[in-house]
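Scroll down for the structure; my scribbles are underneath it.
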Amino acid sequence: MHPLASKALFQAQVEHITARLAAARGWLIHNLEYPYVDLTFTADRRTALRLLANCEDWNSEPPSFKLLSATGVPLKSSPAPAEISPNRTGVFNTSTHPGTGLPFICSPGAREYHTHSSHINDHWDAYRSQTGYDLGGLLTRYWHAWLKGTG
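So for the sequence shown, the working numbering puts the first residue at 914; every next one is plus one.
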């Protein structure tokens, strides 16, 4: 996608991620400037999870997500508690991505999912125009998975 078109689509979608929505969900917004979405999920009795999404080439390509601590340090293990989801390969994969060596979001809409050897035939083009696969929909999907703690 042309960079200006990508930026315009990104901006149109992130304007729906308002301070009011973030406060209602317990999200802390750090940055919503193209090409990055940087926010932290918070909730009572939960370890905060910070997501840094690189949305360059949105939406020709899905965002690349980094899972971070609240302070911005890359996580070395999945945010899904191991006692709830041992060896689970749900939204928050408990293994590491071969390209990054870090835990990753293993769900359609995350670049790491679509580039993983297990999913290379599950193309982003099959999802990108579907309801719920815009930036707000993806963030909501991953937030729900984090809240459930099941990945």
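Beta carbons: idealized from backbone N, C-alpha and C, even for Gly. Predicted model, so just to flag it, every value in this text is computed and none were measured.
Does the distance from the C-beta atom of proline 975 to that of leucine 981 stay below 8 angstroms? no
What is the rounded straight-line gap between the Cα of histidine 870 and the Cα of tyrosine 1026? The displayed coordinates of the chain run from 914 to 1064. Any statement about residue 870 would go beyond what the structure contains.
Beta carbon of glycine 1049, beta carbon of histidine 943: below 8 angstroms? Cβ distance not < 8 angstroms, so glycine 1049 and histidine 943 don't count as in contact.
Delimiting residues of the alpha helix (DSSP H) encompassing threonine 1028: Here the alpha helix (DSSP H) through threonine 1028 covers 1024-1028.
Can you tell me which of the three DSSP states serine 919 falls into? helix
I'd like to check one pair, alanine 983 with alanine 961: are the Cβ atoms closer than 8 angstroms? yes
Under three-state DSSP, which class holds threonine 953? strand
State buried or exposed for glycine 1022, treating a residue as buried only when at least 16 other CB atoms are found within 10 Å of its CB. Flag for glycine 1022 reads buried.
So, with DSSP's three-state summary, where would you put tryptophan 940? DSSP places tryptophan 940 within a strand segment (E or B) once states are collapsed to three.
For lysine 979, the three-state DSSP class (helix, strand or coil): In the structure shown, lysine 979 sits in a strand (DSSP, three-state: E or B).
Helix or strand or just coil, what does DSSP make of proline 999? For proline 999, the predicted model reports a pLDDT of 47, less than 50, meaning its position is unreliable and no value from the coordinates is stated.
Buried versus exposed call for glutamine 1043 [16 or more other C-beta atoms within 10 Å across all chains shown]: exposed
Should lysine 989 go down as buried or exposed, given a rule of 16 or more other Cβ atoms within 10 Å for buried? exposed
Chain D beta carbons: is any one of them nearer than 8 angstroms to that of glycine 1062? No chain D appears in the structure shown, which is made up of a single protein chain.
Find out if the Cβ-Cβ distance for the pair glycine 1012, threonine 1028 is shorter than 8 angstroms. yes
Run through DSSP, which three-state label would alanine 966 get? strand
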